[in-house]
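> Can you read through this structure? Questions will come right after.
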Amino acid sequence: MQWREPLRLLVGNRRFAALWSSDLVATIGDRIHRVALAALVYQLTGSMTVAGLAFLASGLPDLLLGPLAGVIVDRFDRRAVMIASDLVRVPLVLALPLASWTWLLSIYPLLFLINAAAILHRPAKMAAIPSVVRGGQLTTANSLSSLAESLGDIGGYPLAGLLVGGLVAAFGTEQGLIGAFAVAALGYLCSALVLWPLRLPRHERLEAASVQAVWSDLVQGIRFLVGNTLVRTNTAIVALGAVAIGMAMPLLVGYAYARPERGEVAYSMLNFGIGVGSVAGAMLVGTLNARRLGSLVLGGLVVMGVGLFGLGLEPPLWLGVGLTALTGLGNMLFLVPSVTIVQRATPAHLMGRIFALRSTVLFTMLIAANGVGGWIGDWVGATRAFFLVGSVLVLATIMAMLLPSIWLADRLDELTFEPSS
Numbered sequence: 001m002q003w004r005e006p007l008r009l010l011v012g013n014r015r016f017a018a019l020w021s022s023d024l025v026a027t028i029g030d031r032i033h034r035v036a037l038a039a040l041v042y043q044l045t046g047s048m049t050v051a052g053l054a055f056l057a058s059g060l061p062d063l064l065l066g067p068l069a070g071v072i073v074d075r076f077d078r079r080a081v082m083i084a085s086d087l088v089r090v091p092l093v094l095a096l097p098l099a100s101w102t103w104l105l106s107i108y109p110l111l112f113l114i115n116a117a118a119i120l121h122r123p124a125k126m127a128a129i130p131s132v133v134r135g136g137q138l139t140t141a142n143s144l145s146s147l148a149e150s151l152g153d154i155g156g157y158p159l160a161g162l163l164v165g166g167l168v169a170a171f172g173t174e175q176g177l178i179g180a181f182a183v184a185a186l187g188y189l190c191s192a193l194v195l196w197p198l199r200l201p202r203h204e205r206l207e208a209a210s211v212q213a214v215w216s217d218l219v220q221g222i223r224f225l226v227g228n229t230l231v232r233t234n235t236a237i238v239a240l241g242a243v244a245i246g247m248a249m250p251l252l253v254g255y256a257y258a259r260p261e262r263g264e265v266a267y268s269m270l271n272f273g274i275g276v277g278s279v280a281g282a283m284l285v286g287t288l289n290a291r292r293l294g295s296l297v298l299g300g301l302v303v304m305g306v307g308l309f310g311l312g313l314e315p316p317l318w319l320g321v322g323l324t325a326l327t328g329l330g331n332m333l334f335l336v337p338s339v340t341i342v343q344r345a346t347p348a349h350l351m352g353r354i355f356a357l358r359s360t361v362l363f364t365m366l367i368a369a370n371g372v373g374g375w376i377g378d379w380v381g382a383t384r385a386f387f388l389v390g391s392v393l394v395l396a397t398i399m400a401m402l403l404p405s406i407w408l409a410d411r412l413d414e415l416t417f418e419p420s421s
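Okay, so the sequence shown: first residue is 1 according to full-length UniProt numbering, each after it adds one.
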């Protein structure tokens, strides 16, 4: 497949273009939020453990509320859910720097609330994509969707580094960070405005029902996730990537602020590298039109592990940016095919619940790894911790290759069983 097809999909499908553009704008705002948050937490505490706890607080809603988010997505209009998710985050992000200087621990409940709203957006978007593109275009659409996030990384992180550093230098730490968080909130507001005129096809929506019926819906989703070999196996293997990413998040903060360059500049550039690699990975997957989706997932995990391992060798910043680009490349090589596998194996009426349940499982692993990664980083140092994380990820992926069910996704087109089996 040439890149004419992705461009044709993006330009010719207005509804998909609205979803894609909204994602891009919100991602840029989110990257500014992340850099400002890293600066806020590390300048106040200087601890990777505290940074890890901040990431943990951000991930807890996926653990506690993720399954319910899937039921909401399947019961209500998905456009309205995405818009509400964006708008609720605006005042909460604005309050974050103001509250933290009054009481540091207030960042944890605020981050929890911000991401409690955010968890509705992704399953709603992922469930909406199959309703606006043809089945044969799903891999292309998912590659473009991932590309929007990666382009947000490429544009958002350098912008965030310049913005946060510039505002702090011009107005001081407090006023500068208030301004940076305000720009981040503007990104969520613009995302909601892009989605406002969008009209999605009506999906088979679950009717309002009792708590017992909601529980029944949730159990149905859990049974499918556990009982479907493709979805269950893919979720388990992608969890390896979630653990590695979760540990790397606080380590990257400590790694950046330990360098001779300004911390926010180094942190932004390292994340910029992730974005460049992610764009390359999304483009590669989009042009491959690969049938061997399972092999791509495994290869992507190995590539990401090699990149993390390299960071443990204490490279100069320019080489560190290249290694984070390698991790971004690997991330897309396993993420995009994984989404396609689940979309193709899941009935439409279960789609929201399955993506939300997967997010719950994966973010449970990720947030646990946030705390462990920060603690290990404070104990042995960020570079040694990166060396350990990368090595374990590569070895674990190689061991997973010995399981026959891992390769089932390579034969997805040959399988004749019903998706719900």
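Yeah, the Cβ is synthetic: ideal placement off N, Cα and C, and Gly gets one too.
Return yes when at least one heavy atom of the ligand FMN lies under 6 Å from the C-beta of Pro109, else no.
In the structure on display, the ligand FMN does not appear, and there are no ligands present to speak of.
> Taking Cβ positions, are Leu198 and Gly179 nearer each other than 7 Å?
One-based indexing of the sequence shown puts residue 198 at position 198. One-based indexing of the sequence shown puts residue 179 at position 179. Against a cut-off of 7 Å, the Cβ pair of Gly179 and Leu198 comes out as no contact.
> Suppose only complete runs of 4+ residues qualify. What are the alpha helix (DSSP H) ranges in the segment 99-124, listed by chain order?
Counting whole runs of 4 or more residues, the segment 99-124 contains the alpha helix (DSSP H) stretches 107-118.
> With a threshold of 8 Å, are at least 3 pairs of Cβ atoms found where one atom belongs to the segment 188-197 and the other to the segment 20-35?
They touch, by the three-pair rule.
> Is the Cβ-Cβ distance between Thr233 and Leu298 less than 7 Å?
Position 233 of the sequence shown, counted from the start, is the residue given in the question as residue 233. Position 298 of the sequence shown, counted from the start, is the residue given in the question as residue 298. No, Cβ-Cβ distance for Thr233 and Leu298 is not below 7 Å.
> Spatial neighbours of Leu113 within its chain, please: CB distance less than 6 Å, with the 5 preceding and 5 following residues excluded, ordered by chain position.
Against the sequence shown, residue 113 aligns to sequence position 113. Within the same chain, Leu113 has close Cβ partners Leu92.
> In the structure shown, what three-state DSSP assignment does Glu149 receive?
Mapped onto the sequence shown, residue 149 falls at position 149. In this structure, Glu149 counts as helix in the three-state DSSP scheme.
> Measuring only the C-alpha atoms, how far is Met126 from Leu326?
Here residue 126 refers to the residue found at position 126 of the sequence shown. Here residue 326 refers to the residue found at position 326 of the sequence shown. Using only the alpha carbons, I get a separation of about 25 Å.
> Taking the alpha helix (DSSP H) that Ala368 belongs to, which residues open and close that run?
Against the sequence shown, residue 368 aligns to sequence position 368. Ala368 -> alpha helix (DSSP H) spans Met351 to Val380.
> Which residue's Cα is closest to the Cα of Leu104: Gly52, Thr45, Ser359 and Arg134?
Translated into positions along the sequence shown, residue 104 becomes position 104. Ranking Gly52, Thr45, Ser359 and Arg134 by Cα distance to Leu104 puts Thr45 first.
> Put Glu174 into one of helix, strand or coil per three-state DSSP.
In the sequence shown, the residue the question calls residue 174 occupies position 174. Helix.
> Using the rule of at least 16 other Cβ atoms within 10 Å of the residue's Cβ for burial, across every protein chain shown, is Leu24 buried or exposed?
Translated into the one-based positions of the sequence shown, residue 24 becomes position 24. Classification for Leu24: buried.
> In three-state DSSP terms, what is Phe76?
Numbered from 1 along the sequence shown, position 76 holds the residue referred to as residue 76. It is coil, neither helix nor strand.
> From the DSSP output, in three-state form, read off Pro419 for me.
For this step, residue 419 is matched to residue 419 along the sequence shown. In this prediction, Pro419 scores a pLDDT of 41, lower than 50, which makes its location untrustworthy; no coordinate-derived value is stated.
> What whole-angstrom Cβ distance do Ala356 and Ala117 have, given they're in contact under 8 Å?
For the purposes of this step, residue 356 is taken as residue 356 along the sequence shown, with counting starting at 1. For the purposes of this step, residue 117 is taken as residue 117 along the sequence shown, with counting starting at 1. Not quite, the Cβ-Cβ distance comes to about 14 Å (not below 8 Å), so this is no contact.
> Apart from the five residues on each side of it in sequence, which residues of its chain come closer than 8 Å, Cβ to Cβ, to His121?
Translated into the one-based positions of the sequence shown, residue 121 becomes position 121. Ala26, Val81, Met82, Ser85 and Asp86.
> Can you grab the Cα-Cα spacing for the pair Met1 / Val238, in whole Å?
The count along the sequence shown starts at 1 and reaches residue 1 at position 1. The count along the sequence shown starts at 1 and reaches residue 238 at position 238. The pLDDT assigned to Met1 is 43, lower than 50, so where the model puts this residue is not dependable; a value taken from the coordinates is nonetheless given after this. If I take the Cα positions, the gap works out to 26 Å.
> Indicate whether at least one CB of chain D lies closer than 7 Å to the CB of Gly300.
Absence of chain D from the displayed structure is noted, only one protein chain being present.
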